Amino acid sequence: MKAQVTPCSKDAYTLLHNGARALAQIEAAGMRVDIPYLDAAIKRTERQVKRLQARMERTDVARTWRKAYGPKTNFDSTQQLGDILFDWMGFDGSEETAGGSYKTDKVALGKIDHPFVRDMLRVRQLGKALNTNLRGLKREVQDEYLHPFFNLHTTTTFRSSSDHPNFQNIPVREEGIKQLVRRAIIPRPGRQLVEVDYSGIEVRIAACYHQDPVMIEYIRDETKDMHRDMAMECYMLAAEEVTKPIRYCGKNMFVFPQFYGDWYVDCAKSLWNATSEMGLVTESGLALGEHLKAKGIRRRGACIPGKDPVPGTFEAHIQAVEHRFWQERFRVYDQWKKDWFKAYQRKGSFRSKTGFLYQGYLKRNEVINYPVQGSAFHCLLWALSRLVLRELRRNKMKALVIGQIHDSIVSDVPEAEVDDYLLLTQEVMVEKLMKAWPWICVPLVIEAEVAPVTESWVAKKEVRITLAEHKAGWQGLEPGTREWSGYWILHPDEQEQMIAYTRARKIG
DNA sequence: AAACAGTGCGCG
DNA sequence: AAAGCGCGCACTGTTT
Numbered sequence: 000m001k002a003q004v005t006p007c008s009k010d011a012y013t014l015l016h017n018g019a020r021a022l023a024q025i026e027a028a029g030m031r032v033d034i035p036y037l038d039a040a041i042k043r044t045e046r047q048v049k050r051l052q053a054r055m056e057r058t059d060v061a062r063t064w065r066k067a068y069g070p071k072t073n074f075d076s077t078q079q080l081g082d083i084l085f086d087w088m089g090f091d092g093s094e095e096t097a098g099g100s101y102k103t104d105k106v107a108l109g110k111i112d113h114p115f116v117r118d119m120l121r122v123r124q125l126g127k128a129l130n131t132n133l134r135g136l137k138r139e140v141q142d143e144y145l146h147p148f149f150n151l152h153t154t155t156t157f158r159s160s161s162d163h164p165n166f167q168n169i170p171v172r173e174e175g176i177k178q179l180v181r182r183a184i185i186p187r188p189g190r191q192l193v194e195v196d197y198s199g200i201e202v203r204i205a206a207c208y209h210q211d212p213v214m215i216e217y218i219r220d221e222t223k224d225m226h227r228d229m230a231m232e233c234y235m236l237a238a239e240e241v242t243k244p245i246r247y248c249g250k251n252m253f254v255f256p257q258f259y260g261d262w263y264v265d266c267a268k269s270l271w272n273a274t275s276e277m278g279l280v281t282e283s284g285l286a287l288g289e290h291l292k293a294k295g296i297r298r299r300g301a302c303i304p305g306k307d308p309v310p311g312t313f314e315a316h317i318q319a320v321e322h323r324f325w326q327e328r329f330r331v332y333d334q335w336k337k338d339w340f341k342a343y344q345r346k347g348s349f350r351s352k353t354g355f356l357y358q359g360y361l362k363r364n365e366v367i368n369y370p371v372q373g374s375a376f377h378c379l380l381w382a383l384s385r386l387v388l389r390e391l392r393r394n395k396m397k398a399l400v401i402g403q404i405h406d407s408i409v410s411d412v413p414e415a416e417v418d419d420y421l422l423l424t425q426e427v428m429v430e431k432l433m434k435a436w437p438w439i440c441v442p443l444v445i446e447a448e449v450a451p452v453t454e455s456w457v458a459k460k461e462v463r464i465t466l467a468e469h470k471a472g473w474q475g476l477e478p479g480t481r482e483w484s485g486y487w488i489l490h491p492d493e494q495e496q497m498i499a500y501t502r503a504r505k506i507g
């Protein structure tokens, strides 16, 4: 059964009411689409897919497939694919889906070394971009503008959702696919696309619930790095040996899964898998597999639920890392999870910091995660509403908010307004929100990206919203002259100049 | 023809 | 004792 969530306080009601008003304005504004580019991209991708499919056709897998299925042959059928690969051709297919079929997802196919399978994965990736993203844009665009819906009434956690098309799952992680799709989203003439996001908002909001002092210190002290620290532990590395991809794995294959309620068996699998799949190499150039061998770990371990891991395996190591993570490092967080779930079991409901009542039959992990996910989004919703309904209008600005992605705000801003707009986001998303909601007991931080004038969403580059003294010191100006706050904007070229300046001063 | 479950995959 | 949270969308294959 699904959880029932109701705004049960006046504040919660007002938040949703104003949120709906703001999102309606955002939907009405819409975002501009580069139609000529979109048409060309669709044609180009169609050709690419066809070429790959023709190449797949010339392999033994395709021939076997056609022999087995005749005219019913369909390369998009996962059922047929599993049958051909694992029953007909004898590839090793140990993994099963929930429904008891062969698993044929990216991870399962990644273990099969065959040209047909490699091409199929590429066709899937391109096909997703083509059929879902590019054709989705094409289908929904009206007179050069796209108006995705943003809903507040569809989710169990009281986050938002987006559809027709979904603006919240446009590719960004794979560079090529990101370029292909995001290139189609452009600003109005003479304007710039701006995206401002909360950094680590769920971690920060979770801290407001559990108040673990170790976590709060990680958040407050900017020189500390939790994801790097956990990557060090998982892969038994010194801090200097942690590369960006290794840190990425620590973050996305251990820390976040652990926060969401995952356990060491699955963490061990993905962390171990990543060493070869991603070709992880330490900062001094040693393959991670070799490094672990030198540390005495040669095997992954069986990773079978219910079976204790064999000592000396990677699985046993990650089990120990998990134990330290919750029993030593984040003891208070661990205790909060237990207490919070117990209280839910007693009452059958719980109330979020933002005034929403969650009730119904919930699993432990849902009880832990819902309030955090919901309240984190509500921070964005509050700031978004304030910005759209009040601040932009009050300051007679022409900047338009055009979308929202859970923890980020996307806008289409006239060139002349960009700096003021960015200062305003700092003011609203950080200063005003923290004043409005005193339960936020850790600092909030935002990060901003700006694309050059009239250039598309792919061209966005990070800008820094920095304390005025920093820039004033660099430019030899008096700080505190700006209208909004003690902040100033550093664009990419200025960042380089400032770094050069600081370096020159240090040498001098 | 429409509805539904299952699978896979894009995002936070 | 259980064992990753939340979405939307495309597609296959079955049921209504």
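Sequential numbering from 0 applies to the first sequence in numbering that gives the first Met the number 0. Ideal Cβ positions, reconstructed from N, Cα and C, are used throughout, including at glycine. Note that the structure is predicted; figures quoted are calculated from it, not measured.
According to the Cβ coordinates, are residue i and residue j closer than 8 Å?
i: alanine 107; j: isoleucine 83; result: no
i: tryptophan 271; j: arginine 299; result: yes
i: valine 366; j: phenylalanine 340; result: yes
i: aspartate 211; j: valine 331; result: yes
i: phenylalanine 313; j: leucine 291; result: yes
i: leucine 136; j: leucine 22; result: no
i: serine 374; j: isoleucine 184; result: no
i: tyrosine 343; j: leucine 356; result: no
i: asparagine 364; j: tyrosine 234; result: no
i: valine 449; j: lysine 434; result: no
i: alanine 267; j: valine 441; result: no
i: leucine 236; j: threonine 281; result: yes
i: aspartate 118; j: methionine 55; result: yes
i: valine 387; j: arginine 182; result: no
i: valine 549; j: methionine 225; result: Beyond the ends of the chain as shown, which are 0 and 507, falls residue 549; an answer cannot be given.
i: tryptophan 335; j: tyrosine 420; result: no
i: tryptophan 64; j: glutamine 79; result: yes
i: valine 417; j: isoleucine 408; result: no
i: glutamate 390; j: leucine 423; result: yes
i: isoleucine 204; j: cysteine 7; result: no
i: cysteine 92; j: glycine 99; result: The amino acid at residue 92 is misidentified as cysteine; the sequence shows glycine. For glycine 92 and glycine 99, no; Cβs fall outside 8 Å.
Among all the DSSP beta bridges, which residues are the ones paired with residue i?
i: glutamine 191; result: Val412
i: leucine 145; result: Met30
i: glutamine 403; result: Ile408
i: alanine 286; result: Val280
i: lysine 460; result: Val449
i: tryptophan 487; result: Thr465
i: isoleucine 83; result: Answer is none; isoleucine 83 lacks a bridge partner.
i: glutamate 45; result: Paired residues: none, contrary to the question.
i: isoleucine 185; result: Arg31
i: glutamate 94; result: According to DSSP, which records beta bridges pairwise, glutamate 94 is partnered with nothing at all.
I think residue i touches residue j, with their Cβ atoms under 8 Å apart; what is that distance to the nearest whole Å?
i: glycine 402; j: isoleucine 25; result: 7 Å
i: valine 171; j: leucine 133; result: 15 Å between Cβ atoms; not a contact.
i: arginine 219; j: alanine 230; result: Contact flag wrong, Cβ pair sits at about 21 Å.
i: tryptophan 438; j: leucine 14; result: Tryptophan 438 to leucine 14, Cβ: 14 Å. No contact.
i: tyrosine 144; j: methionine 30; result: 7 Å
i: serine 384; j: asparagine 73; result: Actually they are not in contact, since the Cβ atoms of serine 384 and asparagine 73 sit about 47 Å apart, beyond 8 Å.
Given residue i, which residues of its chain have a CB within under 7 Å of its CB, disregarding the five upstream and five downstream residues?
i: glutamate 232; result: Val320
i: arginine 345; result: none
i: histidine 113; result: Val60
i: tryptophan 325; result: Asp333
i: proline 310; result: none
i: alanine 11; result: Thr353, Gly354 and Phe355
i: alanine 19; result: Leu151
i: leucine 489; result: Val462, Arg463, Thr465, Lys470 and Met497
i: glycine 507; result: Confidence in glycine 507 is poor, its pLDDT being 43 and thus under 50, which makes the residue's placement too unreliable to answer from.
i: methionine 0; result: Unreliable placement is indicated for methionine 0, whose pLDDT of 46 sits below 50; no coordinate value is reported for it.
i: arginine 328; result: Val213
Can you find the residues in the same chain that come closer than 6 Å, C-beta to C-beta, to residue i, ignoring five residues on each side of it along the sequence?
i: phenylalanine 166; result: Pro147 and Gly402
i: alanine 28; result: Leu399 and Ile401
i: valine 452; result: Gln191 and Glu414
Once the 5 residues before and after residue i are set aside, which same chain residues still bring their CB inside 8 Å of it?
i: histidine 163; result: Glu139, Pro147 and Phe148
i: valine 48; result: Val122, Leu125, Gly126 and Leu129
i: serine 198; result: Val444, Ile445 and Glu446
i: glutamate 95; result: Tyr101 and Lys102
i: arginine 323; result: Glu232
i: threonine 44; result: Leu125, Ala128, Leu129, Leu133 and Leu179
i: arginine 50; result: none
i: tryptophan 262; result: Glu321
ask   = When the Cβ atoms of the stretch 271-290 are set against those of the stretch 240-253, are three or more pairs found closer than 8 Å?
value = yes
request  = Mind the definition here: the stretch 152-160 touches the stretch 418-438 only if three or more C-beta pairs lie below 8 Å; say whether that holds.
outcome  = no
key: Three-pair Cβ contact test at 8 Å for the stretch 295-309 versus the stretch 180-188   = no
task = Kindly confirm or deny that the stretch 191-198 and the stretch 408-417 touch, where touching means at least three C-beta pairs closer than 8 Å.
result = yes
message = Check whether the stretch 491-498 and the stretch 457-469 are in contact - that is, three or more C-beta pairs closer than 8 Å.
response = yes
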